[in-house]
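Take a look at the structure below.
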Amino acid sequence: MRISIILLFTCVFCSMAESAFTQNAKVTINKRNASIKEVLNEIETQTDYLFIYNNEVNTDKKVSVRAKSESVSDVLNNILRATNIRYTMEGN
522 MRISIILLFT CVFCSMAESA FTQNAKVTIN KRNASIKEVL NEIETQTDYL FIYNNEVNTD
582 KKVSVRAKSE SVSDVLNNIL RATNIRYTME GN
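So the sequence shown is numbered by this note's numbering: it starts at 522 and just counts up by one.
Dropping the structure here:
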């Protein structure tokens, strides 16, 4: 019983640590006049993130981004600021 409890807590803490690590993922992107889709693909390449969006979302809009070791949420806020696109981050 005691080993089961210790194992359970270990799994919970590992899961929490992985979630915190993913949320703090940093990316470096330098793109000019790139589509939002291109930027999202670059974020996916550099991180474990996966973007899922409705086909009605216009990801062809051109944006410029210059980010050096910035959090994914900061980059997303920057490129989506002038659009009506909203996002949520969900754990696995």
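Ideal Cβ placement from N, Cα and C applies to all residues, glycine included.
Since the model is a prediction, treat every value here as computed from it, not as a measurement.
Inter-residue spacing [alpha-carbon to alpha-carbon] between residue i and residue j
| i | j | result |
| --- | --- | --- |
| Gln567 | Arg607 | 21 Å |
| Lys587 | Val548 | Lys is not the amino acid found at residue 587; the sequence shown has Arg there. If I take the Cα positions, the gap works out to 10 Å. |
| Arg553 | Gly612 | 30 Å |
| Thr580 | Thr609 | 16 Å |
| Glu577 | Lys589 | 30 Å |
| Lys558 | Lys583 | 9 Å |
For residue i, the three-state DSSP class (helix, strand or coil)
| i | result |
| --- | --- |
| Thr609 | coil |
| Val578 | coil |
| Ile471 | The question about residue 471 has no answer here: the residues shown for the chain are numbered 522 through 613. |
| Ile573 | coil |
| Asn545 | coil |
Nearest-angstrom beta carbon gap, residue j and residue i [assumed within contact, 8 Å]
| i | j | result |
| --- | --- | --- |
| Ile573 | Val593 | Contact flag wrong, Cβ pair sits at about 15 Å. |
N-terminal and C-terminal residue of the alpha helix (DSSP H) that residue i is part of
| i | result |
| --- | --- |
| Thr566 | Ile557 to Gln567 |
Host beta strand (DSSP E) of residue i (start-end)
| i | result |
| --- | --- |
| Arg587 | Lys583 to Ser592 |
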